[in-house]
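Protein chains in written order, with the working numbering: chain A, 35 to 300; chain B, 35 to 300; chain C, 35 to 300.
Note that the Cβ used here is the ideal one computed from N, Cα and C, for glycine as well.
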Amino acid sequence: MQNNSLLNEIRTKQPLVHHITNWVTIFNCAQAVKSLGASPVMAHAPEEAAEITSISSALVLNIGTLTEDIIGSMLIAAKAAAEKKIPVVLDVCGAGASAMRNQSCIRLISSGFINVIKGNASEVSCIAGLDVTTKGVDSTDVSFDLADVALNLSKKLSCTVVITGKRDYIAGDGKLFTVDNGSELMGRVVGTGCMAASMIGCFAAVLPGDLPGASAAALSAWGIAGEKASAKSSGAGSFLVHIFDELSSITEEDMTKSQKITSLTI
Amino acid sequence: MQNNSLLNEIRTKQPLVHHITNWVTIFNCAQAVKSLGASPVMAHAPEEAAEITSISSALVLNIGTLTEDIIGSMLIAAKAAAEKKIPVVLDVCGAGASAMRNQSCIRLISSGFINVIKGNASEVSCIAGLDVTTKGVDSTDVSFDLADVALNLSKKLSCTVVITGKRDYIAGDGKLFTVDNGSELMGRVVGTGCMAASMIGCFAAVLPGDLPGASAAALSAWGIAGEKASAKSSGAGSFLVHIFDELSSITEEDMTKSQKITSLTI
Amino acid sequence: MQNNSLLNEIRTKQPLVHHITNWVTIFNCAQAVKSLGASPVMAHAPEEAAEITSISSALVLNIGTLTEDIIGSMLIAAKAAAEKKIPVVLDVCGAGASAMRNQSCIRLISSGFINVIKGNASEVSCIAGLDVTTKGVDSTDVSFDLADVALNLSKKLSCTVVITGKRDYIAGDGKLFTVDNGSELMGRVVGTGCMAASMIGCFAAVLPGDLPGASAAALSAWGIAGEKASAKSSGAGSFLVHIFDELSSITEEDMTKSQKITSLTI
Numbered sequence: 035m036q037n038n039s040l041l042n043e044i045r046t047k048q049p050l051v052h053h054i055t056n057w058v059t060i061f062n063c064a065q066a067v068k069s070l071g072a073s074p075v076m077a078h079a080p081e082e083a084a085e086i087t088s089i090s091s092a093l094v095l096n097i098g099t100l101t102e103d104i105i106g107s108m109l110i111a112a113k114a115a116a117e118k119k120i121p122v123v124l125d126v127c128g129a130g131a132s133a134m135r136n137q138s139c140i141r142l143i144s145s146g147f148i149n150v151i152k153g154n155a156s157e158v159s160c161i162a163g164l165d166v167t168t169k170g171v172d173s174t175d176v177s178f179d180l181a182d183v184a185l186n187l188s189k190k191l192s193c194t195v196v197i198t199g200k201r202d203y204i205a206g207d208g209k210l211f212t213v214d215n216g217s218e219l220m221g222r223v224v225g226t227g228c229m230a231a232s233m234i235g236c237f238a239a240v241l242p243g244d245l246p247g248a249s250a251a252a253l254s255a256w257g258i259a260g261e262k263a264s265a266k267s268s269g270a271g272s273f274l275v276h277i278f279d280e281l282s283s284i285t286e287e288d289m290t291k292s293q294k295i296t297s298l299t300i
Numbered sequence: 035m036q037n038n039s040l041l042n043e044i045r046t047k048q049p050l051v052h053h054i055t056n057w058v059t060i061f062n063c064a065q066a067v068k069s070l071g072a073s074p075v076m077a078h079a080p081e082e083a084a085e086i087t088s089i090s091s092a093l094v095l096n097i098g099t100l101t102e103d104i105i106g107s108m109l110i111a112a113k114a115a116a117e118k119k120i121p122v123v124l125d126v127c128g129a130g131a132s133a134m135r136n137q138s139c140i141r142l143i144s145s146g147f148i149n150v151i152k153g154n155a156s157e158v159s160c161i162a163g164l165d166v167t168t169k170g171v172d173s174t175d176v177s178f179d180l181a182d183v184a185l186n187l188s189k190k191l192s193c194t195v196v197i198t199g200k201r202d203y204i205a206g207d208g209k210l211f212t213v214d215n216g217s218e219l220m221g222r223v224v225g226t227g228c229m230a231a232s233m234i235g236c237f238a239a240v241l242p243g244d245l246p247g248a249s250a251a252a253l254s255a256w257g258i259a260g261e262k263a264s265a266k267s268s269g270a271g272s273f274l275v276h277i278f279d280e281l282s283s284i285t286e287e288d289m290t291k292s293q294k295i296t297s298l299t300i
Numbered sequence: 035m036q037n038n039s040l041l042n043e044i045r046t047k048q049p050l051v052h053h054i055t056n057w058v059t060i061f062n063c064a065q066a067v068k069s070l071g072a073s074p075v076m077a078h079a080p081e082e083a084a085e086i087t088s089i090s091s092a093l094v095l096n097i098g099t100l101t102e103d104i105i106g107s108m109l110i111a112a113k114a115a116a117e118k119k120i121p122v123v124l125d126v127c128g129a130g131a132s133a134m135r136n137q138s139c140i141r142l143i144s145s146g147f148i149n150v151i152k153g154n155a156s157e158v159s160c161i162a163g164l165d166v167t168t169k170g171v172d173s174t175d176v177s178f179d180l181a182d183v184a185l186n187l188s189k190k191l192s193c194t195v196v197i198t199g200k201r202d203y204i205a206g207d208g209k210l211f212t213v214d215n216g217s218e219l220m221g222r223v224v225g226t227g228c229m230a231a232s233m234i235g236c237f238a239a240v241l242p243g244d245l246p247g248a249s250a251a252a253l254s255a256w257g258i259a260g261e262k263a264s265a266k267s268s269g270a271g272s273f274l275v276h277i278f279d280e281l282s283s284i285t286e287e288d289m290t291k292s293q294k295i296t297s298l299t300i
């Protein structure tokens with residue numbers, strides 16, 4: 035898969051990836067982007083949101099600790115991204131946990147500016163209008179066929195849909211991928227989902243013309259770095275140390291050797 | 035002490051612990067909760083505060099970087115917690131450092147929705163109306179008998195009062211405990227007090243009927259994890275790595291073997 | 035250089051260093067200050083900003099994730115600092131990236147309350163009115179003579195100017211220093227610039243009468259701790275662990291032995 039050259043591209047171009055995100059994992063998202071080789075910028079003031087987006091190569095939105103003000107800034111930034119034709123990734127963090135989260139997702143998605151919707155099984159199922167019970171920001175079991183959920187939502191909204199979990203599902207542009215990289219430990223660290231969305235932002239920044247491919251490559255790279263970090267870690271604390279180190283040192287050879295991306299016929 | 039089964043209970047039930055907290059240690063609080071085995075959710079928008087609390091099993095409030103908006107959301111969430119009869123822990127972080135902090139504590143406590151008040155010696159003494167000088171968010175020496183301070187305040191406010199320090203004091207429901215677990219290094223890490231309050235939230239979530247007991251067990255577990263982490267650490271940086279690992283691996287046997295909880299006659 | 039005794043002074047007096055800073059690196063700034071031996075307090079509510087400053091020994095402002103509200107609180111705190119005659123450090127984080135950032139810097143600086151302006155080459159050049167293109171919050175190459183930029187801006191604004199980079203430049207009170215401590219790895223960690231400003235706050239708190247000297251000593255101490263941390267690290271994750279440990283253990287002997295401060299004739 036020629037997507038491996040994306041890692042080199044990120045490190046050469048060091049694209050600016052603008053985030054409007056939550057206050058819990060904001061540092062971890064910035065450091066993950068920087069460790070990978072791109073350049074993070076976090077700026078949420080409505081007065082500068084559009085201007086910062088206009089000098090960026092991708093925009094990552096995350097509603098983890100949303101407020102009305104923040105949603106307003108997200109809409110401003112997303113509009114600027116659409117005008118500049120740079121990709122916008124929306125992490126629907128905690129969708130299903132409150133009416134405000136659901137309505138904010140609807141506002142953001144119905145703006146037409148979102149290119150990639152990303153969440154775990156229960157979050158994306160909720161966005162798809164399926165009947166799920168969400169437990170805060172952690173994923174809960176759903177009984178749906180996740181490939182179908184991703185494909186149908188992708189068609190309905192004309193955007194790329196990413197469902198993360200033990201197996202990741204990516205659907206968009208008539209394509210469907212699964213990614214099986216990652217490790218069990220990642221589920222015990224706060225913010226691995228948020229950082230995965232940031233990784234998609236980095237890869238989308240250098241491959242804006244193929245967002246399903248960029249998303250699959252991003253989740254695979256993230257998962258491989260996670261596998262390497264987990265092998266050296268005895269818990270969430272040491273994992274966070276190692277993942278930031280591994281993101282810097284992961285190579286295209288690592289990706290060629292270890293990536294578990296499957297393209298499914300649909 | 036049968037409270038040891040609480041750890042198993044937390045890991046089995048994975049209770050959702052809602053936080054409205056400060057922007058400095060918000061990640062560390064979330065990760066500490068997740069490492070222990072519970073499920074953290076941080077949500078401060080007034081529009082969703084009540085709804086998120088209503089799906090949670092405990093609420094932890096921390097005024098470390100309070101603003102008027104945040105206090106408003108705390109009151110909304112605390113009311114929802116009272117209606118659902120789930121425990122509310124208030125960390126009076128930095129009480130005494132400004133009139134706004136003191137007045138906000140009074141507003142929160144006089145709402146009648148707070149079940150556990152937690153702070154260091156100078157903070158709780160300040161809440162008790164005693165004459166102390168506070169130095170920001172770090173504890174300063176006080177000359178009071180802390181057992182008396184905790185007991186009297188507990189009786190006056192009809193809630194559990196927790197004073198953390200080298201020796202922790204917990205008073206409530208006519209009970210008085212001291213906890214002597216912990217290590218000197220913990221005082222050099224930003225947010226150990228905030229994380230201790232989060233631990234109380236986790237234990238209170240599974241033992242809402244005995245908040246002094248839950249608080250003592252929480253501080254003991256936190257202290258034991260801290261002792262184990264400190265033994266492997268050479269400073270604040272490595273401590274934070276190890277504490278997140280140790281919180282995941284601490285067992286009921288560790289607690290039985292190492293806990294230093296004393297029940298005092300009053 | 036007798037500035038080495040500053041480290042002892044910080045650890046003995048444990049000065050309170052008030053920050054109004056960004057949401058990305060707020061924990062790291064607090065922990066860096068605490069690890070060094072001073073006492074951090076982060077408080078941004080306009081109702082308490084002045085009161086917290088009035089019990090502090092230095093004020094550190096950082097516009098990394100500025101909003102109108104935050105700038106307002108900064109002005110309140112800076113005024114209180116001026117009245118109490120404690121030093122105010124302004125990190126012009128991301129200056130040049132948006133009109134709002136530039137205008138906010140002008141508002142803050144023209145208040146007359148700022149004593150130390152600190153940024154990387156592109157940020158400070160932007161403040162100096164020079165023609166630069168900024169890429170978010172990361173420094174971009176500039177072709178100016180940085181010693182001249184620092185000196186001229188320092189004279190124009192009658193304050194100390196600090197330009198950080200591989201070589202740091204400090205100008206003020208008719209003095210000019212360069213500092214060559216630090217390591218390449220520090221450029222790959224989010225927030226090293228912010229933490230450097232916090233270090234200046236700590237040293238300025240105990241040497242308010244010589245801010246260029248305090249700034250040079252701070253950047254040298256920070257750089258030496260960074261060199262020691264880098265030697266033990268394999269990336270940004272492990273660096274952050276080690277820097278917090280090293281800041282606690284760095285001694286005056288380390289500083290005497292390793293500091294690379296040059297006083298230039300001007």
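For a cut-off of 8 angstroms, the C-beta gap from B/Ala72 to B/Ile44 is around 5 angstroms, short enough to register as a contact.
For the segment 117 to 146 of chain A, residues whose beta-carbon sits nearer than 8 angstroms to a beta-carbon of chain B comprise Gly128, Ala131, Ser132, Ala133, Met134 and Arg135.
Burial state of B/Ala265 is exposed, judged by a 10 Å Cβ sphere holding fewer than 16 other Cβ atoms. With a threshold of 9 angstroms between beta carbons, C/Trp256 makes no contact with chain B. Think of a sphere of 8 angstroms around the beta carbon of C/Arg222: the chain A residues whose beta carbon falls inside it are Lys68, Ser69 and Ser282, in chain order. Within 7 angstroms of the CB of C/Ala77, the CB atoms of chain B belong to Thr99, in sequence order along the chain. At a Cβ-Cβ threshold of 9 angstroms, B/Ser249 and B/Gly206 count as neighbours.
The beta-carbon of B/Ala84 is placed no less than 9 angstroms from the nearest beta-carbon of chain C.
By the Cβ-count criterion, C/Lys262 is buried, with 16 or more other Cβ atoms from all chains shown falling within 10 Å of its own Cβ.
Distance from the CA atom of C/Ile97 to the CA atom of B/Gln137, rounded to whole angstroms, is 29 angstroms. Taken through DSSP and simplified to helix, strand or coil, B/Gly271 comes out as helix. Of the other Cβ atoms in all chains shown, 16 or more fall within 10 Å of the Cβ of C/Arg135; this residue is therefore buried. For the C-beta of A/Thr59, the chain B residues within less than 7 angstroms are, from N- to C-terminus, Phe61. Exposed is the label assigned to C/Ser283, since fewer than 16 other Cβ atoms lie within 10 Å of its Cβ.
Every beta strand (DSSP E) of 3 residues or more that sits fully in the segment 126 to 198 of chain C is shown, in chain order, as 150 to 154 and 194 to 198. Under the Cβ distance rule, A/Gly271 counts among the residues neighbouring chain B, one pair being separated by less than 9 angstroms.
Taking the beta carbon of B/Val275 as reference, the chain C residues within 7 angstroms of it are Val275, listed in sequence order. One finds Asp279 and Ser283 in chain C with Cβ atoms closer than 8 angstroms to the Cβ of B/Ser268, taken in chain order. By the rule that beta-carbons nearer than 9 angstroms mark a contact, A/Glu287 does not touch chain C. Residue state for A/Asp244 is assigned as coil, using DSSP reduced to three classes.
Separation of the CB atoms of C/Val213 and C/Val158 is rounded to 15 angstroms, and the pair is thereby denied contact status at 8 angstroms. Nearest to A/Gly247 by alpha-carbon distance, out of A/Ala131, A/Ser217, A/Gly208 and A/Ile258, is A/Gly208.
Between the alpha carbons of A/Glu85 and C/Ser132 lies a gap of roughly 6 angstroms. The C-beta of A/Ile234 has 16 or more other C-beta atoms within 10 Å across all chains shown, which makes the residue buried. Closer than 9 angstroms to the CB of C/Gln293 there is not a single CB belonging to chain B. Per DSSP, A/Ile295 is one residue of the beta strand (DSSP E) stretching across Ile295 to Leu298.
Rounded to the nearest angstrom, the gap between the Cα atoms of B/Gly163 and C/Ala64 is 29 angstroms. Taking C/Val150 as the centre and dropping the five residues before and after it, the same chain places the C-beta of Pro121, Val122, Val123, Leu124, Cys193, Thr194, Val195, Val196, Gly206, Ile234, Ala238, Leu245 and Ser249 closer than 8 angstroms to its C-beta, in chain order. In the DSSP assignment, C/Thr212 falls within the unbroken beta strand (DSSP E) covering Lys209 to Val213. With respect to C/Val58, C/Gly225 sits close: the two C-beta atoms are nearer than 9 angstroms. Taking 9 angstroms as the cut-off, the beta carbon of B/Phe278 is found no closer than this to the beta carbon of B/Leu219.
Within chain B, no residue has its beta carbon less than 9 angstroms from that of C/Glu43; the closest one is some 17 angstroms off. Using a Cβ distance threshold of 9 angstroms, C/Ala115 and C/Ala79 do not count as a contacting pair.
Taking C-beta atoms under 8 angstroms as the contact rule, C/Val275 and B/Val275 qualify, at a distance of about 6 angstroms. Contact between the segment 177 to 188 of chain B and the segment 100 to 109 of chain B is absent: fewer than 3 CB-CB pairs across the two stretches fall below 8 angstroms.
Approximately 18 angstroms separates the beta-carbon atoms of C/Ala184 and C/Leu142; this is outside 8 angstroms, ruling out the contact.
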